[in-house]
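Q:
Residue numbers (this note's numbering): 2 to 190.
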């Protein structure tokens, strides 16, 4: 069988939801509906690293974008994605089509068109119990338009290396609707 010469880049948790913050995954291990579409198309898959897992590990709390929007976290993202970008440049220079990058909306790292935001930080406990300030900060959590930190860094790296790739979002609040949108995207390519 001939090579398709097509590549799809996916956020880490599309192929391994075990890397997600405990309790946040809407699927068991692999987002099989999306992966099956890619496999049936005959495209190759490149899995992005998960900077949250890399830096904080599996026992981490949920975070908001503002907590990751630091020079160190951005530098770590760039270091993690540099080998991936180099591979994609090589593929592109040799006639391969990078047909899309699939991210996870709502993620502080991998959000494509939506990320999570809030005034988080500081101590949660006060006088032996949950502090009022902490409760207010949790209540102020929201989803906002914008990209996660990793996606911002990838877009910059792609731009610097002449890679023009459409970004597609998985919104776990409505996976079924998203599956249909991703199917339409692949059919249009």
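For every residue, glycine included, the Cβ atom is placed at its ideal position computed from N, Cα and C. Being a predicted model, the structure only gives us computed values, none of them experimental.
Assuming residue 107 contacts residue 116 under a Cβ cut-off of 8 Å, what Cβ separation, rounded to an integer in Å, is found between them?
A: Right, the Cβ-Cβ distance comes to about 7 Å (below 8 Å), so this counts as a contact.
Q: Helix, strand or coil: how does DSSP classify residue 16 here?
A: Of the three classes helix, strand and coil, the one that applies to residue 16 here is helix, per DSSP.
Q: Using DSSP with H/G/I as helix, E/B as strand and the rest coil, what is residue 127?
A: In the structure shown, residue 127 sits in a strand (DSSP, three-state: E or B).
Q: Would you identify the three-state DSSP class for residue 81, choosing helix, strand or coil?
A: It is helical.
Q: Any chance the CB of residue 181 is under 8 Å from a heavy atom of the ligand NAD?
A: In the structure on display, the ligand NAD does not appear, and there are no ligands present to speak of.
Q: In the DSSP assignment, find the unbroken beta strand (DSSP E) run with residue 154 in it and report its ends.
A: From DSSP, residue 154 is part of no beta strand (DSSP E) but of the alpha helix (DSSP H) over 150-161.
Q: I believe residue 67 touches residue 118 by the beta-carbon criterion, under 8 Å. Please report the beta-carbon distance rounded to the nearest angstrom.
A: Confirmed, Cβ separation roughly 6 Å.
Q: With 16 as the cutoff for other CB atoms within 10 Å, does residue 148 come out buried or exposed?
A: Per the 10 Å Cβ criterion, buried.
Q: Taking only three categories from DSSP, how would you classify residue 168?
A: Residue 168: strand per DSSP, three-state reduction.
Q: Distance check for residue 97 and residue 122, CA to CA, integer angstroms please.
A: The straight-line gap from Cα to Cα measures roughly 44 Å.
Q: Evaluate residue 109 with the Cβ neighbour count: other Cβ atoms within 10 Å of its Cβ, from every protein chain shown; 16 or more gives buried, anything less gives exposed.
A: Buried: at least 16 other Cβ atoms inside 10 Å.
Q: Check each candidate in 5, 59, 18 and 65 and name the one with the smallest Cα separation from residue 140.
A: Of the listed residues, the one whose Cα sits closest to residue 140 is 65.
Q: If you reduce the DSSP assignment to three classes, tell me which class residue 60 lands in.
A: Three-state DSSP puts residue 60 in coil, outside helix and strand.
Q: Can you tell me which of 72, 145, 71 and 102 puts its alpha carbon nearest to the alpha carbon of residue 15?
A: Answer by Cα proximity: 102.
Q: What residue range is occupied by the uninterrupted beta strand (DSSP E) comprising residue 7?
A: Its beta strand (DSSP E) spans residues 7-11.
Q: Would you mind sorting residue 194 into buried or exposed? The rule is 16 or more other CB atoms within 10 Å of its CB.
A: Not covered by the structure: residue 194. The range shown for the chain is 2 to 190.
Q: Taking the C-alpha atoms as reference points, what is the distance between residue 54 and residue 23?
A: When rounded, the distance between both Cα atoms is 11 Å.
Q: Does the separation of the CB atoms of residue 20 and residue 112 fall below 9 Å?
A: Their beta carbons are not under 9 Å apart, which means residue 20 does not touch residue 112 by this criterion.
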